[in-house]
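Take a look at the structure below.
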Amino acid sequence: MEFDHLGVATADATGLAALFTELFDAPVAHEEEFDGMSVLFLELGDGYFELLEPHEGGAVSKYLENDGPGIHHVALRTDDIVGALETVRGAGVECIDDEPRPGAWGHDVAFLHPKSTGGVLVEFVEH
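Heads up: the sequence shown begins at 1 in UniProt numbering, then just goes up one per residue.
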């Protein structure tokens with residue numbers, strides 16, 4: 001596993017991207033509309049900030065309503081997402097996704113339930 005990105009929930013992805021670009025010299029590496037959200041990836045050397053701005057409800061919209069803007073999840077890159085899910089299930093970790101699903105940027109993703117991971121929403125990403 002390697003660090004891939006940090007997901008940040010925001011009501012204004014474009015504005016936050018402009019701020020982070022100025023503060024951290026983190027240019028936009030990828031931008032798309034995905035799953036009812038604007039998603040922007042800012043390049044930070046060995047990883048990314050993924051800015052998530054919901055448009056049509058969904059989990060990130062609920063997160064913003066309940067918790068406000070901020071860190072939403074941490075994503076770890078794996079070459080074998082199916083094997084990674086088997087490993088965590090074997091350790092008794094509850095998975096949100098039993099099988100990989102399509103994610104942003106065309107990658108397969110799967111999330112682990114924060115109840116099982118110390119309160120942290122963890123995403124596996126297979127490139």
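Every residue gets a Cβ at the ideal spot worked out from N, C-alpha and C, and that includes glycine.
- Residue state for A26 is assigned as coil, using DSSP reduced to three classes.
- Where L85 is concerned, the enclosing alpha helix (DSSP H) starts and stops at 81-90.
- In the three-state reduction of the DSSP assignment, E65 falls in the helix class, which pools H, G and I.
- The residues L40, in chain order, have a CB closer than 6 Å to that of E31 in the same chain once the five nearest residues on each side in sequence are set aside.
- Inter-segment contact for the region 110-123 and the region 76-95 is present: three or more beta-carbon pairs are separated by less than 8 Å.
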